[in-house]
Amino acid sequence: MPMMPEPHLHKPPVLAVLILAAVAAAAIVLTAGALRRNGQSGRNDDLEKLFFALRIEAGQQLVARPNLIGETGRRLTMQLVDPEHPDKTRLSLEILPEKSGAAYDIRFGLTMPSIGAEPQTAMLNLAHGEEKKFLLSGGRVPLTVTLLLMRVDSPEFDAWRELVRREQAAMAT
Numbered sequence: 014m015p016m017m018p019e020p021h022l023h024k025p026p027v028l029a030v031l032i033l034a035a036v037a038a039a040a041i042v043l044t045a046g047a048l049r050r051n052g053q054s055g056r057n058d059d060l061e062k063l064f065f066a067l068r069i070e071a072g073q074q075l076v077a078r079p080n081l082i083g084e085t086g087r088r089l090t091m092q093l094v095d096p097e098h099p100d101k102t103r104l105s106l107e108i109l110p111e112k113s114g115a116a117y118d119i120r121f122g123l124t125m126p127s128i129g130a131e132p133q134t135a136m137l138n139l140a141h142g143e144e145k146k147f148l149l150s151g152g153r154v155p156l157t158v159t160l161l162l163m164r165v166d167s168p169e170f171d172a173w174r175e176l177v178r179r180e181q182a183a184m185a186t
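Read left to right, the sequence shown gives residues 14 to 186 (the working numbering).
Structure (structure tokens):
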């Protein structure tokens, strides 16, 4: 039986490996720069955490008072279900905050199948610490929404959390 020659392992020249590594590094740097220019980031450095305190009323009845934390540029969704019928959604909420100078453009969407309200939307512009009350009148019952926005990384948010903590402690005693 003839002997097979031993396989010859070819090692690439060191210079070719260094050039390939440099090209790969340049591609990564250029891609990251292009993402930042387009308002995107490979990392989450540009995202701001935001706090939303809401009060939603149908007519004179309080429907929900959710407190939510989201981030700029990311859609925040919430669904409330009927505890007796978990397959039925009572309220569906969507918030998309975008940084706009010193303030925030907020795309707001709300659906309440329980009162037959069609999906309703609003566009708002709020500054940090600002509260707005607005009416959504597209359904059988008008919905009044009060929305407070604060940056999570702020003394105002810390003060709000302390106030809530004190109120809860007072209610517990």
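Glycine included, C-beta positions come from ideal geometry on N, C-alpha and C.
- Rounded to the nearest whole angstrom, the CA to CA distance from Arg-88 to Ala-182 is 33 Å.
- Counting only residues of its own chain and dropping the five nearest sequence neighbours on each side, Phe-170 has a CB closer than 6 Å to the CB of Phe-64 and Met-163.
- Counting C-beta pairs with one atom in each stretch, the stretch 119-132 and the stretch 69-81 have three or more that are closer than 8 Å, which means they touch.
- Only buried fits Gly-83, as 16 or more other CB atoms lie within 10 angstroms of its CB.
- The three-state reading of DSSP puts Asp-118 in strand, counting E and B together.
- For the 8 Å CB-CB criterion, Lys-146 and Thr-159 form a contact.
- Within the DSSP bridge table, the entry for Gln-181 names no partner.
- Excluding sequence positions up to five before and after Lys-112, its CB lies within less than 6 Å of the CB of Thr-85, all in the same chain and listed in chain order.
- Per DSSP, reduced to three states, the secondary structure at Asp-171 is helical.
- Nearest C-alpha to Val-154 among Ala-140, Pro-132 and Met-136: Pro-132.
- Around the Cβ of Leu-176, a 10 Å sphere holds fewer than 16 other Cβ atoms; the residue is exposed.
- In the three-state scheme derived from DSSP, where H, G and I count as helix and E and B as strand, Pro-96 is classed as coil.
- As a beta-bridge residue in DSSP terms, Leu-160 pairs with Leu-67 and Lys-145.
- Inter-residue distance for Val-165 and Lys-101 is about 32 Å (C-alpha atoms, whole angstroms).
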